[in-house]
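Numbering (the working numbering), first residue to last: 210 to 501.
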């Protein structure tokens with residue numbers, strides 16, 4: 210089961226599992242917004258019963274996932290509360306409740322063997338991801354579930370979008386530069402960027418690999434900034450006039466242990482290292498153009 214299956218990451222996690230021969234049940238809060246999945250991207254899988262949808266109205270409700278989780282063997286909890294609301298009293302309780310709700314549902318379902326939570330590089334500094342991760346590991350320690358628990362913490366996620374909506378809104382980092390919008394980048398002089406396909410493979414591996422247990426998998430990708438991304442865009446899309454380089458761009462000086470996620474990419478995708486920043490940017494821009 211993949212929660213938030215219509216999202217940028219959720220749709221790619223579902224795709225990674227489907228391509229490896231698994232049946233996928235995706236949960237979502239708006240069935241109308243999922244038409245593109247069953248009628249287009251995953252049509253062949255849906256037509257053969259390998260991909261199905263389940264409506265979950267409020268992900269933070271106590272019994273939100275009790276029905277959806279029946280018969281499920283692995284759970285990827287990708288759905289999150291998407292908001293830029295600075296009021297932590299609104300965001301944190303709902304984020305934690307969503308994680309707790311699906312963990313409790315998993316405890317009631319004996320078929321569940323593994324659970325993967327989509328965290329964030331922000332879990333190092335941002336209040337909502339911190340609280341949700343704390344709740345996750347507290348649950349693992351106190352409840353001693355019959356399934357393994359792991360988390361995948363991506364940085365800024367870029368790459369091919371499967372739906373036009375994924376190239377819009379606050380999280381469309383490449384789109385902002387493509388459109389010449391620097392408002393966000395003015396306050397973000399350096400980032401790590403990871404390809405969504407890498408994030409999806411690591412999720413799939415954490416769900417399916419019996420050697421992965423209670424792991425915190427940092428999927429950060431490459432150190433870069435807006436100017437690095439603009440270089441790639443100018444090189445591959447010379448017909449478009451892009452903005453000039455931004456001032457005050459720099460490089461991050463934080464790191465983490467990436468040995469386990471990189472080993473999983475090798476084992477499950479026969480891939481040495483992260484997908485290149487160049488490929489990720491090009492695929493992201495191509496999806497902007499093709500899905501326009």
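C-beta: ideal position from N, C-alpha, C; glycine also.
Kindly indicate which three-state DSSP category residue 553 falls into: helix, strand or coil?
No statement about residue 553 is possible, as the shown extent of the chain runs from 210 to 501 and does not include it.
Straight-line CA distance for residue 390 to residue 464?
Near 28 Å, if we compare the C-alpha coordinates of residue 464 and residue 390.
Are the CB atoms of residue 315 and residue 284 nearer to each other than 8 Å?
Pairing residue 315 with residue 284 gives a Cβ-Cβ distance under 8 Å.
On the DSSP letters alone, give me the boundaries of the alpha helix (DSSP H) that residue 437 sits inside.
Taken as a continuous stretch (DSSP letters only), the alpha helix (DSSP H) holding residue 437 covers 435-445.
Determine whether the beta carbon atoms of residue 491 and residue 445 lie at a separation below 8 Å.
Here residue 491 is near residue 445, since their CB atoms are less than 8 Å apart.
Buried versus exposed, by CB contacts within 10 Å (16 or more), residue 237
Buried, since its Cβ has 16 or more Cβ neighbours within 10 Å.
Rounded to a whole number of angstroms, what is the C-alpha to C-alpha distance between residue 289 and residue 474?
The straight-line gap from Cα to Cα measures roughly 25 Å.
Just to confirm the assignment, what range does the beta strand (DSSP E) spanning residue 358 have?
Boundaries of the beta strand (DSSP E) harbouring residue 358: 357-363, taken from the DSSP string.
Residue 248, buried or exposed, once every other Cβ within 10 Å from all chains shown has been counted against 16
By the neighbour-count rule (16 or more Cβ atoms within 10 Å), residue 248 is not buried but exposed.
In or out: residue 462 buried (at least 16 other Cβ within 10 Å) or exposed?
The residue in question, residue 462, is exposed, as its Cβ has fewer than 16 Cβ neighbours within 10 Å.
Within 8 Å, do at least three Cβ pairs link the region 426-435 to the region 243-263?
The answer is no - the region 426-435 does not touch the region 243-263, with fewer than three Cβ pairs under 8 Å.
From 357, 409, 309, 382, pick the residue whose C-alpha is nearest to that of residue 483; which is it?
Looking at the Cα atoms, 409 is the closest of the given residues.
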